[in-house]
Every structure is written in structure tokens, then in C-alpha cells.
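> Here's a structure for you.
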Amino acid sequence: MSKYLIKASYTADGVKGLLKEGGTARKKTVEKVIAGLGGKLEVFYYAFGDCDVYAIADLPDAVTAAAIGLAINSSGLVTNSTTVLLTPEDIDKAAKKTVNYRAPGK
Numbered sequence: 001m002s003k004y005l006i007k008a009s010y011t012a013d014g015v016k017g018l019l020k021e022g023g024t025a026r027k028k029t030v031e032k033v034i035a036g037l038g039g040k041l042e043v044f045y046y047a048f049g050d051c052d053v054y055a056i057a058d059l060p061d062a063v064t065a066a067a068i069g070l071a072i073n074s075s076g077l078v079t080n081s082t083t084v085l086l087t088p089e090d091i092d093k094a095a096k097k098t099v100n101y102r103a104p105g106k
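Quick note on the working numbering: the sequence shown kicks off at 1 and runs consecutively.
See the structure below:
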């Protein structure tokens with residue numbers, strides 16, 4: 001499985017729902033969604049600033065990550081973005097791959 005960073009921000013109506021339901025209940029909902037798709041929620045934090053939620057999840061693949069993002073964004077109450085996370089070992093493997101690339105104008 002790969003790790004994904006999920007950043008989410010609530011709309012005003014989303015915040016109203018969060019206030020009504022509570023932070024712990026929302027975390028449990030997210031855990032259930034991710035587990036139902038074969039993944040695992042590693043961390044879940046609320047935050048000040050540009051994003052209201054930062055979560056890291058182990059997900060089976062990018063298609064699963066995209067499905068979660070589509071479901072969240074389609075609610076109209078939360079917007080999210082997802083970033084693939086790489087381990088140091090992944091970078092080591094990438095650094096050893098031969099890439100035939102020519103820079104523009106070279």
C-alpha cells in the first residue's frame with residue numbers, strides 16, 4: 001500500500017455539520033470510509049490555517065485515493081486535495097533508475 005496525505009477544508013455549512021457532529025465522530029467516519037476501501041487511517045489532525053484537516057492514510061492504490069477525493073469533494077461541504085507520499089527508500093530506488101531526458105533547448 002502507498003501513503004497519501006489528505007488535506008481538507010470545510011465550507012461554512014461543513015463547519016456547521018462538524019460543530020453538530022463533533023470532531024471525534026468525523027474522524028471515525030473517515031476511518032470507516034478508508035477501511036471500507038481496504039485502507040487504514042494512520043493519523044488525523046484538525047489544524048488552524050489554510051486547511052482544517054490533515055490526514056495520512058495507507059491506501060491500496062491511486063484509484064482508491066481518487067475515489068475518496070471525488071466522494072469528499074462531491075459533498076459540497078468539504079474540499080480536499082491528496083498528495084502521494086514517498087519513503088526515503090522510494091527515493092533511493094527512483095535515483096537509481098535511468099531516465100533518458102533532455103532539458104528544453106539542450
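Virtual Cβ for every residue (Gly too), placed ideally from N, Cα, C. For clarity, every value in this text was computed on a predicted model and none was experimentally measured.
If distances are taken between C-alpha atoms only, which option among Thr98, Tyr46, Arg102 and Lys106 comes closest to Ala27?
In the sequence as displayed, the identity of residue 27 is Lys instead of Ala. Of Thr98, Tyr46, Arg102 and Lys106, the residue nearest in Cα terms is Tyr46.
> Could you check the C-alpha separation between Gly76 and Asp52 for me, to the nearest Å?
15 angstroms
> Give the straight-line distance between the Cα atoms of Thr82 and Lys3, rounded to the nearest whole angstrom.
Taking the straight line from one Cα to the other gives about 10 angstroms.
> Rounded C-beta distance between Gly36 and Pro60? I'm assuming under 8 angstroms.
The Cβ separation is near 12 angstroms, so there is no contact.
> Excluding the 5 residues preceding and the 5 following Gly23 in the sequence, name in chain order all residues of the same chain whose CB lies nearer than 8 angstroms to its CB.
Tyr46
> Using a Cβ-Cβ distance cut-off of 9 angstroms, determine whether Lys97 contacts chain B.
In the structure shown, chain B cannot be found, because there is only a single protein chain.
> I'd like to check one pair, Ala62 with Ile34: are the Cβ atoms closer than 9 angstroms?
no
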